[in-house]
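Visitor:
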Amino acid sequence: MLSDVLLIAGKDLRVELRSRIALNQVVPFALLVLVLFGFALDADSSTLATFTPGLYWVAVVLAALLAVHRSVSLEDGDGADEGLLMSGLHPASVFLGKAVALIAELLLLALVLLGGVLILYGAPVDDVTLLLLTTVAAVIGVGAAGTLYGALLSGQRARETILPILLLPVLAPVVIGASRAFGDAMGSVATDGWSWLLSLTGFAMLYLAVGSVAHGALMEEA
Amino acid sequence: MTHVGYLVAGWGSAFLIIGIYTWVLIQRGNRLAKRVPVEKQRWMSARDEAERIGDA
Amino acid sequence: MSVVSLRNIVVLLGQFPALSGATLEVQAGESVLLQGPNGAGKSTLLRLCAGLQRVERGDGSILGHDLHRERRIIRRRVGLVGHRTMLYDDLTTGENLRFWARAVRATPEELDQAIERMQIDRRLMDVPTRQLSAGQRRRTALAVAAARRPELWLLDEPHAGLDQAGRDIVDSLITDATAAGATVLVASHELDRVRPVVDRQVTVAGGLILEGADAV
Amino acid sequence: MTTTQEVVETGRFDTATGSRTTRMLGWALIVGLIVLLWLAFVATDPDIRIDAASGDEIGQFDAVRLIYVHVPMAIVAYTAFTVTAIGSVMVLLRRSVWWDLVAGASAEIGAVASALTLITGSIWGRPIWNTYWRWDDVRLMTTLVLFMLALGYLAVRRLEGSAESRARRAAIVGILLVINSIIVNRSVEWWASQTLHQQSTITDAAIEDLTLFTFMYAIVFGLAGYVWLLIKGFRVAWLERQNERFGLVEALEQRRAEAERTDAVNAAVDTGTGDQS
């Protein structure tokens, strides 16, 4: 089971390493979003610092949409999705493997962006542990939900347009929770960031579980 | 009566939207019913529930 | 034992009945050529036998497993080589082969034998799959299928794109598979080439199986 | 239950999705609507109270009459999505076509009702809260996200694929619809610790007897309207499904006829007069 998960994750990451889509397109896109927020919200750095948590997570979620799309589309190249169906790998392994690869990519993206907001927006950091743990928990949630809803749309021509409609409302609680926890960690909001971190962890666990169970039904042929 | 404008807007939008939805639904039904044989239109009979997805 | 057993199978692609009541019995160790015009339903028939198509009407079993309820098991036990090679364009040939071999639980030795069998040039191992020619891709796909040692081979125009040597390999693959007790269904337009290596041929047309004459 | 055969023979029902049940319910709804409008606009008094301290008139005045449409819509929306979730579970457990169609029809009504909940709520909020929209209100936010989730669900129902795979995908999204809205509700509640919403309008002691009755009546009326729309929606969905399958026999015959032509060609091949390979 674990080796199957790693096999799929390794395959996805290797494809990413070869094509460099996430690194060369998704990360720059997310950074551009940050820069545009800066333009839109005026150069007043105190405003930017206040809104950093929210802007940061909106940028992450937008970029995650692209990453999810890429994660799904690399399966429908030359019938590879059918190959996986015929391989006899357990659907839960395939789901977890794809989720692990996506989460790894998103984690890299989130860390680059974190550096971006710290430099560009000049956001202060009070609690590094909370900041990093929140990032990990939220990214796992986004990656798991993204893989699940991505699998739902595999092989669909209208995928690009339906994915945001489906995924963004689902990710709304992650944006709320992660922004609050970041707010606490950056000292801009008086809230208990650790309890938000706990709820983000719950969200991530829930979607990993639901995805593992549901993926078998979604992988079935159209 | 106070707030007449709000009342008209609120109740009016409810009537309008539900009205349009109902009308579209009935039109769709009428159009489809002409193309489906009558014996397939046994409304809510017990047999419908027995059908499973994938049955012929 | 009947490896392929189909009775009045109807398969719909959208609204279109690709198979309109196909009936076919194939015994273990038999090799059968499916011939017929384009759009006759040959590919759909092979995909059906691979457990990739939902059956609209009719009954059937593949390797003793029911086509309605046990398609997951069927998929694991057959080797399908179709128009789509199921390879990742961004990976190299070697990476593709190793990934799929591990996914289908083939040992490295089985994979090596399969590569040998298909005579895949070892120098191609580090070349991205997207740069391969159609014939090289086909050989790679055949090697993946061979590595899993399927009990039922489903070959959809296996000669397409292959050179003379590749075609000979496919022919010997069919004879060797049946000699080893496996069953082969092969759809092809290369009748003169395939007829000598199969036990019998059937004609597929209009989504039906028209039983043909026994092989010459 | 009237069969369609009888309907056609007697010509008693003019619409294709109509039956005795829907027809009678429909007339009851029209009468009920007139009663509702009379109750809501004529019989009940506006909400005017006298502030004990200043002696000023306070309350919602006539804007309270918007509640008679807003709250039933909210209850219909939540009922509809609950039915969708139940239907989705039944689809996954029993592969039931019937429940798949019910779930889809119910979600459509739920989307309409939740949109109207938001619209009427905003219109009511403007004079009462002095704003169309409150970001810190749990019910507003939950309903909004629920509406967007419902749009996603309806989009999934229209994806390509066989009826079976569409039903399965929709069922998974339908179950997640409820899970997600619970998560959203919890997180917004936590996020916005305060709410402007009247905690419970119904149990408010100041509410008059007739107002309370009108309120209850409006909810029952809304649910009856939901049932009528659900029956209609189910029948339309059923017709759509039948329409997809209709013509299969004909299509099969056409398809099989191709085989005979090929047979003739084959005979020619065997006698060496032609080659089609």
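Chains as they are written, first to last, in our numbering: chain H, 7 to 228; chain V, 15 to 70; chain Y, 8 to 223; chain G, 359 to 635. Yeah, the Cβ is synthetic: ideal placement off N, Cα and C, and Gly gets one too.
(1) If you compare alpha carbons, which of G:572, G:374, G:613 is closest to residue 404 of chain G?
(2) When Cβ atoms are compared, which residues of the segment 506-540 of chain G fall closer than 9 angstroms to chain V?
(3) If you run the structure through DSSP and keep just helix, strand and coil, what is residue 182 of chain H?
(4) For residue 612 of chain G, would you say it is in contact with chain V, using Cβ-to-Cβ distances shorter than 9 angstroms as the test?
(5) In its own chain, which residues sit with a C-beta less than 7 angstroms from the C-beta of residue 192 of chain H, not counting the 5 before and 5 after it?
(6) Taking the alpha helix (DSSP H) that residue 44 of chain V belongs to, which residues open and close that run?
(7) Taking contact to mean 3 or more Cβ pairs, one atom from each stretch, closer than 8 angstroms, check whether the segment 423-443 of chain G and the segment 24-31 of chain V are in contact.
(8) Examine chain G for any beta-carbon lying closer than 9 angstroms to the beta-carbon of residue 37 of chain V, and answer yes or no.
(9) Identify the contact partners of residue 496 of chain G in chain H, using a Cβ-Cβ distance below 9 angstroms as the criterion.
(10) Which class does residue 127 of chain Y belong to by DSSP, given the choice of helix, strand or coil?
(11) Shorter than 9 angstroms from the beta carbon of residue 183 of chain Y to some beta carbon of chain H?
(12) Quick one: does residue 35 of chain H have its CB under 9 angstroms from some CB of chain C?
(13) Beta-carbon separation of residue 205 of chain H and residue 179 of chain H under 9 angstroms?
(14) Sorted by chain position, which residues of the same chain lie with C-beta nearer than 7 angstroms to residue 12 of chain Y's C-beta, five sequence neighbours on each side aside?
(15) For residue 214 of chain H and residue 123 of chain Y, what's the separation of their Cα atoms in angstroms?
(16) Can you have a look at residue 563 of chain G and say buried or exposed, based on whether 16 or more other CB atoms are within 10 angstroms of its CB?
(17) Can you confirm whether residue 175 of chain H, when its beta carbon is compared against all beta carbons of chain G, has any partner nearer than 9 angstroms?
(18) Tell me which residues share the same chain as residue 60 of chain V and place their Cβ nearer than 6 angstroms to its Cβ, disregarding the 5 neighbours each side in the sequence.
(19) When you compare each of Y:86, Y:39, Y:24 to residue 65 of chain Y by their alpha carbons, which one comes out closest?
(20) For residue 58 of chain Y, does the three-state DSSP call read helix, strand or coil?
(21) Step through the CB atoms of chain V and report whether any lies within less than 9 angstroms of the CB of residue 594 of chain G.
(22) Does any residue of chain G bring its CB to less than 9 angstroms from the CB of residue 26 of chain H?
(23) I need the straight-line Cα distance from residue 18 of chain V to residue 424 of chain G, nearest angstrom please.
(24) In the DSSP assignment, find the alpha helix (DSSP H) that holds residue 3 of chain H and state where it starts and stops.
(25) How close, in whole Å, do the beta carbons of residue 463 of chain G and residue 595 of chain G come, if the pair is a contact with beta carbons under 8 angstroms?
(26) Based on DSSP bridge pairs, tell me the residues matched to residue 210 of chain Y.
(27) Is the beta carbon of residue 380 of chain G less than 9 angstroms from the beta carbon of residue 586 of chain G?
(28) Would you kindly work out how many angstroms separate the C-alpha atoms of residue 38 of chain V and residue 588 of chain G, rounded to a whole number?
(29) Using a C-beta to C-beta distance shorter than 9 angstroms, which residues of chain Y count as neighbours of residue 473 of chain G?
(30) Could you check what DSSP says for residue 166 of chain Y in three-state terms: helix, strand or coil?
(31) With DSSP run on the structure shown, which of helix, strand or coil describes residue 604 of chain G?
(32) So, under 8 angstroms CB-CB, residue 10 of chain H and residue 99 of chain H are touching, yes? Tell me the CB distance rounded to an integer number of Å.
Guide: The structure says:
(1) Of the candidates G:572, G:374, G:613, the one whose C-alpha sits nearest the C-alpha of residue 404 of chain G is G:572.
(2) Of all residues in the segment 506-540 of chain G, 520, 521, 522, 525, 526 have a Cβ within less than 9 angstroms of some Cβ in chain V.
(3) If DSSP states are grouped into helix, strand and coil, residue 182 of chain H belongs with the helices.
(4) Interface criterion not met: the Cβ of residue 612 of chain G is under 9 angstroms from no Cβ in chain V.
(5) The beta carbon of residue 192 of chain H sits closer than 7 angstroms to the beta carbons of 58, 59, 129, 130, 131, 132 from its chain, once the five residues preceding and following it are set aside; these are given in chain order.
(6) For residue 44 of chain V, the enclosing alpha helix (DSSP H) stretches over residues 18-49.
(7) Taking a cut-off of 8 angstroms on C-beta distances, the segment 423-443 of chain G touches the segment 24-31 of chain V, as three or more cross pairs fall below it.
(8) No, its Cβ sits nowhere closer than 9 angstroms to a Cβ of chain G.
(9) Those within 9 angstroms of residue 496 of chain G in chain H number zero; the least Cβ separation is about 12 angstroms.
(10) Assignment of residue 127 of chain Y by DSSP, reduced to helix, strand and coil, places it in the coil class.
(11) So, not an interface residue.
(12) Considering every chain present, this structure includes no chain C. Its protein chains are H, V, Y and G.
(13) Yes.
(14) Sequence-distant Cβ neighbours of residue 12 of chain Y in its own chain, meaning closer than 7 angstroms and more than five residues away, are 32, 67, 68.
(15) Between residue 214 of chain H and residue 123 of chain Y, the C-alpha separation is close to 41 angstroms.
(16) Any answer about residue 563 of chain G is weak, because its pLDDT of 49 lies below 50 and its placement is not dependable; what the coordinates show is given next. Classified as exposed, residue 563 of chain G has fewer than 16 neighbouring CB atoms from the shown chains inside 10 Å of its CB.
(17) Judged by the 9 angstroms Cβ criterion, residue 175 of chain H is in contact with chain G.
(18) Confidence in residue 60 of chain V is poor, its pLDDT being 37 and thus under 50, which makes the residue's placement too unreliable to answer from.
(19) Checked all of Y:86, Y:39, Y:24; the closest Cα to residue 65 of chain Y is Y:24.
(20) Coil.
(21) Interface residue (Cβ-Cβ distance to chain V less than 9 angstroms): residue 594 of chain G is classified as such.
(22) So no, residue 26 of chain H is outside the interface.
(23) The alpha-carbon atoms of residue 18 of chain V and residue 424 of chain G are separated by roughly 10 angstroms.
(24) As displayed, chain H neither begins before 7 nor continues past 228, which places residue 3 of chain H out of reach and without an answer.
(25) Yes, residue 463 of chain G and residue 595 of chain G are in contact; Cβ-Cβ is about 5 angstroms, under 8 angstroms.
(26) Paired residue(s): Y:42, Y:217.
(27) In contact: residue 380 of chain G and residue 586 of chain G (Cβ atoms closer than 9 angstroms).
(28) Computed Cα separation, rounded: 14 angstroms.
(29) For residue 473 of chain G, there are no neighbours in chain Y by C-beta distance under 9 angstroms, as the nearest C-beta there is about 32 angstroms away.
(30) Residue 166 of chain Y sits in coil when the DSSP states are folded into three classes, being neither helix nor strand.
(31) Note: residue 604 of chain G maps to coil in three-state DSSP.
(32) For residue 10 of chain H against residue 99 of chain H, the beta-carbon gap comes to about 4 angstroms, under 8 angstroms, which counts as contact.
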